[in-house]
Amino acid sequence: MDLPFYATPPKTSPATQLAATLRQAIPTLDTERLQLRAPDMHDFPVLKLIIDSPRGTGIGGPMSTEDAWYDFTQMTATWALRGHGWWTVTRRSDGATLGFAGIGAEPGDQEPELGYFVIQEAEGHGIAREAAEAVLGFARERLGMTTLISYIHFDNERSIALAERLGAIRDTEAEVAIGHDALAYRHDLTKEVLH
Amino acid sequence: MTVAFQIPELVTERLRLRLPRASDLAAHTAFRTSERSKSVGGPFDAGESFGHLAGIIGQWQLRGFGRWMVADRDTDEPLGIVGILHPVEWPGPELAWTVYENAEGRGIAYEAAVAARRFAYQKLGIERLISLVEGSNTRSESLARRLGCSQDGTFSYQDNLDIPVWLHPTTEAD
Chain A
192 MDLPFYATPP
202 KTSPATQLAA
212 TLRQAIPTLD
222 TERLQLRAPD
232 MHDFPVLKLI
242 IDSPRGTGIG
252 GPMSTEDAWY
262 DFTQMTATWA
272 LRGHGWWTVT
282 RRSDGATLGF
292 AGIGAEPGDQ
302 EPELGYFVIQ
312 EAEGHGIARE
322 AAEAVLGFAR
332 ERLGMTTLIS
342 YIHFDNERSI
352 ALAERLGAIR
362 DTEAEVAIGH
372 DALAYRHDLT
382 KEVLH
Chain B
55 MTVAFQIPEL
65 VTERLRLRLP
75 RASDLAAHTA
85 FRTSERSKSV
95 GGPFDAGESF
105 GHLAGIIGQW
115 QLRGFGRWMV
125 ADRDTDEPLG
135 IVGILHPVEW
145 PGPELAWTVY
155 ENAEGRGIAY
165 EAAVAARRFA
175 YQKLGIERLI
185 SLVEGSNTRS
195 ESLARRLGCS
205 QDGTFSYQDN
215 LDIPVWLHPT
225 TEAD
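Line by line, the protein sequences give chains A and B.
Once you know that position 82 of the first sequence is 273 in the working numbering, the rest is easy, because the numbers rise by one and skip nothing.
Once you know that position 42 of the second sequence is 96 in the working numbering, the rest is easy, because the numbers rise by one and skip nothing.
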């Protein structure tokens, strides 16, 4: 994908070096096929692509480039404010950006949320599942979390199916807590998931 | 788990410019939900205010520069947000300033803006710095003049049409 100029930082500068240092504070997760790493500028066009696609309705899409940028900066900053956050999901073999997964905390949420969304080309290959499992493992083992919620748009059958495959169970009380804005699926991190 | 982010801090006579943190949220929300935020498109709700503060931090991670929380050097009381704002599709890096009510009329924005501008020129190597100031925001326009800016065209995005662009002098570049 050709990047628009604004997504292409200068090769090296004090700013790009500081950005790289800040990103190093975010842990990297490796799975069989994927690497989850800190988001960087190059990932923005991919986020925008997902937001504007049919699969972006559950995350507020479609929206202007301006608004998508603000979403991106907020996703990225969750780490600094809460000690957990979003990763960019990349393919280990070539580094291609496939989507995003992580533990978010957005306005309106009532608790930390497991979220995942991938580009169309990555669908149907278990990419989102592999990324989500890595995030669940991180939440359990590194963060000591016992539960996570996934808020999912009513029409997002693919995401609902994945939540169920991950062993999550519909939580109607959590849906009441957010005013029935979305479906809520609860992940119990105290039990091992059988695959 | 603690994720330690360290950004360059700037210290002036009365101020410390540092990374925003969760404890600044009350002050930031008070500003964003008040009538005072009209000049930046407000008032907003509390959720938006959280997202906005988070976004300030996120830009540091993505671009390696951004806006600081301006805090009282002695008490650490949050006084406002000043620094280099650069969303995509912006006409360039912008020196942006916002002060909370407790900082109004004390020259806080000026003191912080001068420090941030010097940092932008000398440490970041930024060569062209602008400020976008709504024409109705006379206080901010006065500050732009005091900082030696001259108006240089306008910029429009979404519903915000023809915002005057103020170009900063580069006298502190050396």
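A virtual CB, placed ideally from N, CA and C, is assigned to each residue, including glycine.
All of these numbers come straight from a predicted model, not from anything done at the bench.
Close beta carbons around residue i, own chain, < 7 Å, minus the five adjacent residues each side
i	result
A/His275	Thr269, Ile294, Pro303 and Leu334
A/Ala352	none
A/His344	Thr248, Gly249 and Ala373
B/Glu195	Val187
A/Val309	Val280, Leu289, Gly290, Ile318 and Ala319
Residues of its chain near residue i, where Cβ-Cβ distance is below 6 Å and the 5 sequence neighbours each way are ignored
i	result
A/Ala229	Arg214 and Ile217
A/Pro298	none
A/Gln226	Thr281 and Arg283
A/Phe263	Phe235 and Leu238
B/Gln205	Pro218 and Trp220
B/Val124	Leu69, Leu71, Leu133, Gly134, Val136 and Ala166
Contact list for residue i against chain B, beta-carbon separation under 9 Å
i	result
A/Glu302	Result: empty, since nearest Cβ-Cβ is about 15 Å, beyond 9 Å.
A/Ala365	Going along chain B, no residue has its Cβ under 9 Å from A/Ala365, so there is no contact; the nearest lies around 18 Å.
Contacts that residue i makes with chain A (C-beta to C-beta distance below 9 Å)
i	result
B/Val65	Under the 9 Å cutoff, chain A gives no residues; its nearest Cβ is about 18 Å from B/Val65.
B/Ile135	By Cβ distance, chain A contributes nothing, its closest Cβ being about 14 Å from B/Ile135, past 9 Å.
B/Ile184	Going along chain A, no residue has its Cβ under 9 Å from B/Ile184, so there is no contact; the nearest lies around 15 Å.
Cut-off 8 Å between Cβ atoms - residues of its own chain near residue i, not counting five sequence neighbours on either side
i	result
B/Ala174	Phe119, Ile138, Pro147, Leu149, Ile180 and Leu183
A/Leu380	Leu327, Ala330, Arg331, Met336, Thr337, Thr338 and Leu339
A/Thr203	none
A/Ala323	Ala292, Leu305, Tyr307, Leu353 and Leu357
A/Leu272	Ala296
A/Ser255	none
Pairwise C-alpha distance: residue j and residue i
i	j	result
B/Cys203	B/Glu165	15 Å
A/Asp346	A/Ile318	20 Å
A/Glu314	B/Gly112	28 Å
B/Asp17	A/His316	Look at the range of chain B in this structure, 55 to 228, and you will see that residue 17 of chain B is not part of it.
A/Thr207	B/Arg117	6 Å
A/Ile242	A/Ser341	18 Å
B/Pro104	B/Ser91	Residue 104 of chain B is actually Phe in this sequence, not Pro. One C-alpha to the other measures close to 14 Å.
B/Leu73	A/Thr288	29 Å
B/Arg199	A/Pro245	47 Å
B/Asn156	B/Val65	19 Å
A/Leu220	A/Phe291	13 Å
B/Gly159	B/Thr152	12 Å
B/Ile61	B/Leu69	16 Å
B/Asp228	B/Gln176	Here the model assigns B/Asp228 a pLDDT of 49, short of 50, so the residue's position is not dependable, and the following value carries that caveat. Using only the alpha carbons, I get a separation of about 7 Å.
B/Gly189	A/Gln265	29 Å
B/Val142	A/Lys382	43 Å
A/Tyr261	B/His140	11 Å
A/Ala375	A/Ser350	11 Å
A/Ile369	B/Leu215	35 Å
Per-residue contacts from residue i into chain A (C-beta, under 7 Å)
i	result
B/Thr56	Gly274
B/Phe209	Going along chain A, no residue has its Cβ under 7 Å from B/Phe209, so there is no contact; the nearest lies around 12 Å.
B/Phe59	Leu213, Ala216 and Ala271
B/Trp114	Leu213
B/Ala76	Leu272
B/Gln205	In chain order: nothing, as chain A lies at least about 23 Å away.
B/Ile217	Per Cβ cutoff of 7 Å: no residues; B/Ile217 is ~13 Å from chain A at best.
Contact set between residue i and chain B, taken where Cβ atoms lie within less than 8 Å
i	result
A/Trp278	Correct list: empty, because the minimum Cβ distance to chain B is about 12 Å.
A/Ser204	Gly118, Leu178 and Gly179
A/Leu345	First, the amino acid is wrong: residue 345 of chain A is Phe here, not Leu. Within 8 Å Cβ-Cβ: nothing; A/Phe345 doesn't reach chain B, min ~21 Å.
A/Ala322	Correct list: empty, because the minimum Cβ distance to chain B is about 19 Å.
Within chain B, partners of residue i - CB distance below 7 Å
i	result
A/Thr337	What A/Thr337 touches in chain B: nothing, since even the nearest Cβ is about 15 Å away.
A/Thr207	Gly118
A/Ala354	Residues of chain B passing the Cβ test: none, with the nearest at roughly 24 Å.
A/Ala375	None at all; the shortest Cβ gap to chain B is about 18 Å.
A/Ala368	Going along chain B, no residue has its Cβ under 7 Å from A/Ala368, so there is no contact; the nearest lies around 15 Å.
Quiz prompt | Residues, ordered as in the chain, of the segment 209-230 of chain A that lie near chain B by beta-carbon distance below 9 Å | solution = Leu209, Ala210, Ala211, Thr212, Leu213, Arg214, Ala216, Ile217, Pro218, Ala229 and Pro230
Exercise. Output, in sequence order along the chain, the residues in the segment 250-266 of chain A whose CB is closer than 9 Å to any CB in chain B.
Key: Only those residues of the segment 250-266 of chain A whose C-beta falls short of 9 Å from the nearest C-beta of chain B are listed: Ser255, Thr256, Glu257, Asp258, Ala259, Trp260, Tyr261, Asp262, Phe263, Thr264, Gln265 and Met266.
Practice problem: Entirely within the segment 84-130 of chain B and at least 4 residues each: give me those alpha helix (DSSP H) ranges in chain order. | Solution: 100-117
Exercise. Please specify which runs of the beta strand (DSSP E), each continuous and at least 3 residues long, are wholly inside the segment 346-381 of chain A, giving them in chain order.
Key: 374-379
Practice problem: Mind checking the segment 98-109 of chain B against chain A and listing, in chain order, the residues whose C-beta falls within less than 9 Å of any C-beta there? | Solution: Asp99, Ala100, Gly101, Glu102, Ser103, Phe104, Gly105, His106, Leu107, Ala108 and Gly109
Exercise. Scan the segment 142-187 of chain B and note each continuous beta strand (DSSP E) run of 3 residues or more that stays entirely inside, going in chain order.
Key: 148-153 and 184-186
Exercise. Could you please tell me which residues of the segment 286-318 of chain A, in chain order, have their CB closer than 8 Å to any CB of chain B?
Key: With the criterion set as a beta carbon lying under 8 Å from some beta carbon of chain B, the members of the segment 286-318 of chain A are Glu297, Pro298 and Gly299, in sequence order.
Exercise. Identify each residue in the segment 157-171 of chain B for which the Cβ-Cβ distance to at least one residue of chain A is less than 9 Å, and report them in chain order.
Key: none
Quiz item: Counting only runs that start and end within the segment 222-271 of chain A, where is the beta strand (DSSP E) found for 3 or more residues in a row?
Solution: 225-228
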